[in-house]
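Worksheet for the structure shown next.
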Amino acid sequence: MNSKQLFQTFAAPFLGILLFLAIWQVGAPKIVTSLGAVPGPVQVFEQFTGLVDEHRAARQKEVEFYQRQEERNATALAEDPNAEISVRPYTGKATFFDQIVTSIVTVMTGFVLAGFIAIPLGIVAGLSQTVYAALNPLIQLFKPVSPLAWLPIVTMIVSAVYVSDDPTFDKSFINSALTVLLCCLWPTIINTTVGVANISKDLQNVSKVLRLSWWTHVRKIVLPSAIPMIFTGLRLSLGIAWMVLIAAEMLAQNPGLGKFVWDEFQNGSSNSLGRIMVAVIVIGLIGFALDRGMLLLQRQVSWDKNAALR
879 MNSKQLFQTF
889 AAPFLGILLF
899 LAIWQVGAPK
909 IVTSLGAVPG
919 PVQVFEQFTG
929 LVDEHRAARQ
939 KEVEFYQRQE
949 ERNATALAED
959 PNAEISVRPY
969 TGKATFFDQI
979 VTSIVTVMTG
989 FVLAGFIAIP
999 LGIVAGLSQT
1009 VYAALNPLIQ
1019 LFKPVSPLAW
1029 LPIVTMIVSA
1039 VYVSDDPTFD
1049 KSFINSALTV
1059 LLCCLWPTII
1069 NTTVGVANIS
1079 KDLQNVSKVL
1089 RLSWWTHVRK
1099 IVLPSAIPMI
1109 FTGLRLSLGI
1119 AWMVLIAAEM
1129 LAQNPGLGKF
1139 VWDEFQNGSS
1149 NSLGRIMVAV
1159 IVIGLIGFAL
1169 DRGMLLLQRQ
1179 VSWDKNAALR
């Protein structure tokens, strides 16, 4: 690697980030809101360390809660071996890092379900012009619909259908996951369809000469050829899913990052703006990590290891 490549790979990104932080630090105090001046990077980092301390304190409380419960149960059994004991779950407030985990689980649930639906549909539509003609109007109709429009419909349907005295999943989680599913279907369907429809004629002729069955044709010819376009759709869908999730969590009150941002906005304390900015940065970093993860997965499953993937 020559000096120019080293500069572009390491020095240029570092300088860009450094310049951004400098502009932020200098300009932020000059903007005063109802909650005070906009916090700079130093103040945001302080809020992050505060959230870390809160998480550690909450985990310590959880450990102490279960220790006290075990001690009470052990004492009760020592006095009466037939005594009925109960184990109550810890119900403390979710911390910032608990909410991060909730958001990731929610978005991956909706994204994976969407993939199981979109990829087969895209393959069938790419192989059959008739199926594509039937699906295309629906895709073009629902593709531009905002998640804010889907969420009330999903909420009402889930409330009517998902009725249980002891539900496995919270309704807010299902509402958010289904909203994510509906909004990230379309890029995967469209890109999969295009990838399948543009398979080389030579490969299609080879399949005909060998008289491959439909399933073998899909497995040996279609999927390897369409993988680049399929993953393009999946990466677009995952990015949309992560953006949609935050808005869905705000409205559905699913205890994730969206609810954290909304709660801090409603709280209106002097620390709220800094905490919201911490959440914004974390949302961006997680979105970047999810995209890089999909890129790594694409490199692993792609047959062309020399293809330039970015």
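Each residue of the sequence shown is one higher than the one before, counting from 879 in the numbering used here. In this text, a Cβ means the ideal position worked out from N, Cα and C, and glycines have one as well. The model shown is predicted, which means the values in this text are computed figures rather than measured ones.
Legend entry - Reference residue 1065; option with closest CA among 1056, 1116, 1091 and 902: Walking along the sequence shown from the start, residue 1065 turns up at place 187. Checked all of 1056, 1116, 1091 and 902; the closest Cα to residue 1065 is 1116.
Legend entry - Rounded distance between the beta-carbons of residue 941 and residue 1000, thought under 8 Å: The residue labelled residue 1000 in the question sits at position 122 within the sequence shown. The residue labelled residue 941 in the question sits at position 63 within the sequence shown. Incorrect: roughly 48 Å between the Cβ atoms, too far for contact.
Inset, instruction - Going by CA-CA distance only, name the one from 895, 1148, 932 and 1176 that's closest to residue 974. - result: Translated into the one-based positions of the sequence shown, residue 974 becomes position 96. If we check each option's Cα against that of residue 974, 932 comes out closest.
Legend entry - Span separating the alpha-carbon of residue 990 from that of residue 963: Here residue 990 refers to the residue found at position 112 when the sequence shown is read from its first residue. Here residue 963 refers to the residue found at position 85 when the sequence shown is read from its first residue. About 40 Å.
Inset, instruction - Answer with yes or no whether the minimum CB distance from residue 1001 to chain C is below 7 Å. - result: No chain C is part of this structure, which consists of one protein chain only.
Inset, instruction - Alpha carbon to alpha carbon, how far is residue 995 from residue 1028? Give it in angstroms, no decimals. - result: Within the sequence shown, residue 1028 is the residue found at index 150, counting from 1. Within the sequence shown, residue 995 is the residue found at index 117, counting from 1. The straight-line gap from Cα to Cα measures roughly 18 Å.
Inset, instruction - Decide if residue 1124 is buried, meaning its Cβ has at least 16 other Cβ atoms within 10 Å, or exposed. - result: Counted from its first residue, the sequence shown places residue 1124 at position 246. Buried is the call here.
Inset, instruction - Could you name the residues of the same chain whose beta carbon sits closer than 7 Å to that of residue 1168, not counting the 5 residues immediately before and after it, in chain order? - result: Position 290 of the sequence shown, counted from the first residue, corresponds to residue 1168. Same-chain partners within the cutoff: 1116 and 1120.
Inset, instruction - In angstroms with no decimal places, state the Cα-to-Cα distance between residue 1173 and residue 1106. - result: The residue labelled residue 1173 in the question sits at position 295 within the sequence shown. The residue labelled residue 1106 in the question sits at position 228 within the sequence shown. Cα to Cα, residue 1173 sits roughly 10 Å from residue 1106.
Legend entry - Contact set for residue 1026: own chain, Cβ-Cβ below 8 Å, skip 5 residues either direction: Position 148 of the sequence shown, counted from the start, is the residue given in the question as residue 1026. 1125 and 1129, listed in sequence order.
Legend entry - Cα-Cα separation, residue 1053 to residue 971: The count along the sequence shown starts at 1 and reaches residue 1053 at position 175. The count along the sequence shown starts at 1 and reaches residue 971 at position 93. Each residue's Cα considered, the two are about 21 Å apart.
Legend entry - Residue environment, residue 1108, which counts as buried when at least 16 other CB atoms sit within 10 Å: As a position in the sequence shown, residue 1108 is number 230, starting the count at 1. By the neighbour-count rule (16 or more Cβ atoms within 10 Å), residue 1108 is buried.
Legend entry - Of the residues 1149, 1176, 1164 and 1162, the one placed nearest residue 929, counting alpha carbons only: If you number the sequence shown from 1, residue 929 lands on position 51. When only C-alpha atoms are compared, the closest one is 1149.
Legend entry - Residues near residue 1077 by beta carbon distance below 6 Å, same chain, minus five either side: Here the question's residue 1077 lines up with position 199 in the sequence shown. Correct list, in chain order: 1103.
Inset, instruction - Could you tell me the distance, in whole angstroms, from the CA atom of residue 1153 to the CA atom of residue 958? - result: Start at 1 with the first residue of the sequence shown, and residue 1153 comes out as number 275. Start at 1 with the first residue of the sequence shown, and residue 958 comes out as number 80. So the alpha carbons of these two residues sit roughly 50 Å apart.
Legend entry - Buried or exposed by the 16-neighbour rule on C-beta atoms within 10 Å, applied to residue 1007: For this step, residue 1007 is matched to residue 129 along the sequence shown. Exposed, since its Cβ has fewer than 16 Cβ neighbours within 10 Å.
Inset, instruction - Would you check if there are 3 or more beta carbon pairs closer than 8 Å linking the segment 943 to 955 to the segment 904 to 924? - result: no
Inset, instruction - Pick helix, strand or coil for residue 928, following the three-state DSSP scheme. - result: The count along the sequence shown starts at 1 and reaches residue 928 at position 50. Three-state result, residue 928: helix.
Legend entry - Separation of residue 1002 from residue 1095, as counted between CA atoms: In the sequence shown, residue 1095 corresponds to position 217, counting from 1. In the sequence shown, residue 1002 corresponds to position 124, counting from 1. If I take the Cα positions, the gap works out to 12 Å.
Inset, instruction - Would you give the residue range spanned by the alpha helix (DSSP H) that residue 1103 belongs to? - result: In the sequence shown, residue 1103 corresponds to position 225, counting from 1. Looking at the DSSP string, the run of the alpha helix (DSSP H) that includes residue 1103 is 1101 to 1130.
Inset, instruction - Tell me, please, which residues DSSP counts as bridged to residue 911. - result: Taking the sequence shown and counting its residues from 1, the one referred to as residue 911 is at position 33. BP columns for residue 911 point to 914.
Legend entry - Check: residue 977 C-beta below 6 Å from any heavy atom of the ligand NAD: Questions concerning the ligand NAD fall outside what the structure shown contains, since it holds no ligand whatsoever.
Legend entry - Cβ distance (whole Å) where residue 1033 is taken to contact residue 1069 below 8 Å: What you label residue 1033 is simply residue 155 of the sequence shown in a count that begins at 1. What you label residue 1069 is simply residue 191 of the sequence shown in a count that begins at 1. Wrong, their Cβ atoms sit about 29 Å apart, outside the cutoff.
Legend entry - 8 Å Cβ shell around residue 1147 - same chain, five flanking residues per side excluded: Taking the sequence shown and counting its residues from 1, one reaches residue 1147 at position 269. 913.
Inset, instruction - Return yes when the Cβ of residue 1162 is within less than 7 Å of the Cβ of residue 981, no when it is not. - result: Here residue 981 is taken as the residue at index 103 of the sequence shown, counted from 1. Here residue 1162 is taken as the residue at index 284 of the sequence shown, counted from 1. Going by C-beta atoms, residue 981 is not nearer than 7 Å to residue 1162.
Inset, instruction - For the alpha helix (DSSP H) holding residue 963, just list the boundary residues, first then last. - result: As a position in the sequence shown, residue 963 is number 85, starting the count at 1. Counting along the chain, residue 963 falls outside any alpha helix (DSSP H), and DSSP gives it neither H nor E.
Inset, instruction - Return the chain-ordered list of same chain residues with a C-beta closer than 7 Å to the C-beta of residue 899, the five sequence neighbours on each side being excluded. - result: Stepping through the sequence shown from its first residue, residue 899 is reached at position 21. 919.
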